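Numbering (this note's numbering), first residue to last: 2 to 484.
Right, dumping it as structure tokens:
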């Protein structure tokens, strides 16, 4: 495609929002809070901000500069710099292909939870009854309703990778819907993407703000926020802390995937990308911290509820075991009564000691959960305990969907832009390249010899709704960083 005929963003604002929509994704909501929790709370911000300054902003700046200067996708841009660097562009495209294969599965899960949020009683609020209708499912009782719904009702997870069990119909339909919406978002290239990002980049902030206001009013929310900002400086001596901080910068900013080069290639030649690189980098990191405050407020609420439920179970156990008056023990004096009863009735208490639970708020707060466990289990656990839980569930999972869709736009653009740069594809319209099926577009695809690749590209992702196992725990950015 001739550079002077290349599409352009309608305004610098569209470009900034596209970068924000791509960079601010699921990792900001479900991985950064986990890293803060695992690596010393507020102390993790020190290596994180240093890595942002030393690697994040410079590399973000570099990718925007390359894309805007060369006005080509990752393959063409790196090849133009040096023929020996073309493999870097190809590697980024391959990585984006891998990302696209599974990223919409997460969006499909968001759709699944979103649709189930419109029920009068959230399906993960209580365990379903067993086949004999004599009580709740034993499997659910051993875990929790939220874990059961995710692993059994949503994933129907299999015990091993050797057992697939076929395609999950509900998940497959949600997966198709996710791809249809993705296609509609990119059907006209940057002309349609530029309109979509106004919503995908801003709506999550509205929901996060609503959740922050609501979260800070929840019982025990301050326990979580206090835990987040209490630094454990000894973690700075742990090399893993610094490695995870560097990895998170790569993963969160989307460095090395080719999306930023592709986005910048649609800029005007004299666009002020220097300022935009700093703005987007700061917005992304600020969002991670903002989302962590929201997450820890919710997490503090959940931990406090679990802690108080544990105390209440202990209170009931003591009342029944020692025939005490109902008002003699409250959750506020459980530990005091345990010491008193242990002193007064040592033999009887010794028989009871193995039945007592270890109720500890610090342990509840320090239980590290990341990824889908945080996004689909911990949040669901907290949401079901809120008033108007259906409303909060719809808002949360729609926000999660917009975060995922925004990142998908960048991943898809990283693939389609280098394809458009090849001469033999330059005459193929955006609709044909993206998969639209009109007679004219089918002829364009046939002439460009793309048709041989279409069946594989459409069918391969379905392996992720048929395996029914949880494969993805570590981001691909760690693979890039290791290379």
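All residues carry an ideal CB built from backbone N, CA and C; glycine is no exception. In this text, all values refer to a predicted model and were calculated from it rather than measured experimentally.
When the options are compared against residue i, the one with the closest alpha-carbon
| i | options | result |
| --- | --- | --- |
| residue 176 | 155, 52, 335 | 155 |
| residue 198 | 346, 273, 24 | 24 |
| residue 252 | 15, 408, 307, 65 | 408 |
| residue 76 | 93, 391, 311, 358 | 93 |
| residue 70 | 271, 322, 391, 312 | 271 |
| residue 45 | 18, 246, 324, 303 | 246 |
| residue 277 | 30, 60, 27, 43 | 60 |
| residue 306 | 347, 284, 29, 382 | 382 |
| residue 295 | 29, 86, 109 | 29 |
| residue 243 | 359, 21, 40 | 40 |
| residue 350 | 358, 322, 365 | 322 |
| residue 403 | 127, 125, 66, 109 | 109 |
| residue 68 | 364, 90, 142 | 90 |
| residue 128 | 120, 139, 121 | 139 |
| residue 300 | 411, 379, 87 | 379 |
| residue 65 | 106, 268, 195, 153 | 268 |
| residue 171 | 142, 130, 106 | 106 |
| residue 121 | 219, 391, 413 | 391 |
| residue 313 | 338, 290, 291 | 338 |
| residue 96 | 153, 218, 416 | 416 |
| residue 422 | 21, 72, 11 | 72 |
| residue 210 | 189, 290, 248 | 290 |
| residue 206 | 7, 188, 21 | 21 |
| residue 63 | 7, 163, 275, 324 | 275 |
| residue 9 | 47, 51, 194, 133 | 194 |
| residue 352 | 273, 162, 318 | 318 |
Cβ separation of residue i and residue j, assumed to be a contact under 8 angstroms, to the nearest whole Å
| i | j | result |
| --- | --- | --- |
| residue 254 | residue 282 | 6 angstroms |
| residue 304 | residue 216 | Not confirmed; about 13 angstroms, so no contact. |
| residue 376 | residue 27 | 7 angstroms |
| residue 43 | residue 345 | Between residue 345 and residue 43 the Cβ distance is about 43 angstroms, and since that is not below 8 angstroms, they are no contact. |
| residue 123 | residue 394 | 6 angstroms |
| residue 264 | residue 411 | 7 angstroms |
| residue 373 | residue 266 | In fact, because the Cβ distance is near 33 angstroms, the residues do not count as touching under 8 angstroms. |
| residue 327 | residue 320 | 7 angstroms |
| residue 413 | residue 187 | 5 angstroms |
Helix, strand or coil at residue i according to DSSP, with G and I counted as helix
| i | result |
| --- | --- |
| residue 130 | strand |
| residue 205 | helix |
| residue 137 | strand |
| residue 233 | coil |
| residue 331 | coil |
| residue 108 | helix |
| residue 423 | coil |
| residue 29 | helix |
| residue 215 | helix |
| residue 179 | helix |
| residue 193 | helix |
| residue 70 | helix |
| residue 121 | coil |
| residue 83 | coil |
| residue 244 | helix |
| residue 225 | helix |
| residue 210 | helix |
| residue 10 | coil |
| residue 145 | coil |
| residue 342 | helix |
| residue 443 | Note that residue 443 scores a pLDDT of 43, beneath 50, so its modelled location is shaky; the value from the coordinates is reported in the next line. Residue state, collapsed to three classes: helix. |
| residue 15 | helix |
| residue 405 | helix |
| residue 163 | coil |
| residue 412 | helix |
| residue 257 | coil |
| residue 156 | coil |
| residue 188 | coil |
| residue 169 | coil |
Q) So does the region 46–57 actually touch the region 393–407, counting three or more Cβ pairs closer than 8 angstroms? A) no
Q. Would the region 372–388 and the region 334–354 be scored as touching if the rule is three or more Cβ pairs under 8 angstroms?
A. no
Q: Please determine if the region 137–155 and the region 70–83 are in contact, where contact requires at least 3 C-beta pairs separated by less than 8 angstroms.
A: no
**Q.** Sufficient close CB pairs (3 or more, under 8 angstroms) joining the region 235–243 to the region 18–35
**A.** no
Q.
Whether or not the region 213–225 and the region 257–273 are in contact is what I'm after, with contact meaning three or more pairs of Cβ atoms, one per stretch, closer than 8 angstroms; do they touch?
A. no
Q: Would you check if there are 3 or more beta carbon pairs closer than 8 angstroms linking the region 99–118 to the region 178–187?
A: yes
**Q.** Every unbroken alpha helix (DSSP H) inside the region 259–335 [4 residues or more]
**A.** 260–265, 274–323
Q: Can you check the region 345–400 for any alpha helix (DSSP H) of at least 4 residues that lies completely inside it and give the ranges in chain order?
A: 347–353, 362–367, 380–384
Q: Taking 8 angstroms as the threshold, find out whether the region 199–212 comes into contact with the region 12–28 through three or more Cβ pairs.
A: yes
Q: Within the region 37–61, note down every full alpha helix (DSSP H) run reaching 4 residues or more, in order along the chain.
A: 46–52
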